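Following: one structure in structure tokens, then a few remarks.
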Amino acid sequence: MKRAAGRIAAVWGNIRDSYDFLFDGYILSMIGATGALHLGLWYYLNTNAGPPEAFIPLHFTYAFGVDLIGRAAEMYYVAYWAIAFSIVNILCARFAYRYDILAAYFLASALPLVHGIMLFESILVMNAGVV
Numbered sequence: 402m403k404r405a406a407g408r409i410a411a412v413w414g415n416i417r418d419s420y421d422f423l424f425d426g427y428i429l430s431m432i433g434a435t436g437a438l439h440l441g442l443w444y445y446l447n448t449n450a451g452p453p454e455a456f457i458p459l460h461f462t463y464a465f466g467v468d469l470i471g472r473a474a475e476m477y478y479v480a481y482w483a484i485a486f487s488i489v490n491i492l493c494a495r496f497a498y499r500y501d502i503l504a505a506y507f508l509a510s511a512l513p514l515v516h517g518i519m520l521f522e523s524i525l526v527m528n529a530g531v532v
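Its first residue numbered 402, the sequence shown is counted upward by one per residue in the working numbering.
Pasting the structure below:
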């Protein structure tokens, strides 16, 4: 039994050494913050987008005002693009972590920033029609 526990500990140590990126506290905190912001984005979209067939503003500019109106279901594309960006960014940070930890930290720091911008942008666009 002791021998098996020693082997399991050795295997776990090898996994931890090879995947130290996933056990880095800063990386985990950035991924956690991103997850919280992404859940907030989904919650906001689910509570405010209305029925999928309803027409809502999808794009707003200061100069022209609302310049794109579409179905409410299309607003969810923001959340899909945000999660796709996050997956690509995490993979890039993982590969950069082997060579330069600081670059990986910059890439990981972009995750909550992008999700925060997506949430803020969604709030602005959903309220664009409200005077």
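All C-beta atoms, glycine included, are put in the ideal place defined by N, C-alpha and C. Keep in mind that this is a model prediction, so the values were computed, not measured.
| Item | Value |
| --- | --- |
| Pick out whichever of Phe456, Leu512, Tyr500, Glu475 has its Cα sitting closest to the Cα of Val489. | Leu512 |
| Taking the alpha helix (DSSP H) that Arg495 falls in, what are its first and last residues? | 478-498 |
| With Ser523 and Met431 assumed to form a contact (beta carbons below 8 Å), what rounded beta-carbon distance in angstroms separates them? | So it is not a contact: roughly 21 Å between Cβ atoms. |
| Would you kindly check if the distance between the Cβ of Ala494 and the Cβ of Ile428 is under 9 Å? | yes |
| Whose C-alpha, out of Leu446, Arg404, Ala406, Gly471, is nearest the C-alpha of Leu520? | Leu446 |
| Going by the beta-carbon positions, is the gap between Leu438 and His516 smaller than 9 Å? | yes |
| Going by DSSP, which residues form a beta bridge with Phe422? | None, per the DSSP bridge assignment. |
| In the DSSP assignment, the alpha helix (DSSP H) including Glu522 goes from what residue to what residue? | 502-527 |
| At the level of alpha carbons, what is the spacing between Tyr444 and Gly407? | 45 Å |
| Note down, in chain order, each residue of its chain lying with its Cβ closer than 6 Å to the Cβ of Ala474, except the 5 sequence neighbours on either side. | Pro453 |
| Sort Ala497, Leu442, Leu492 by Cα distance to Met476 and report the nearest one. | Leu442 |
| Quick one: residues in its chain with C-beta nearer than 7 Å to the C-beta of Ile497, no 5 flanking neighbours on either side, listed in chain order? | Per the sequence shown, residue 497 should be read as Ala rather than Ile. Excluding residues within five positions, the ones whose Cβ falls inside 7 Å are Ala504, Ala505, Leu508. |
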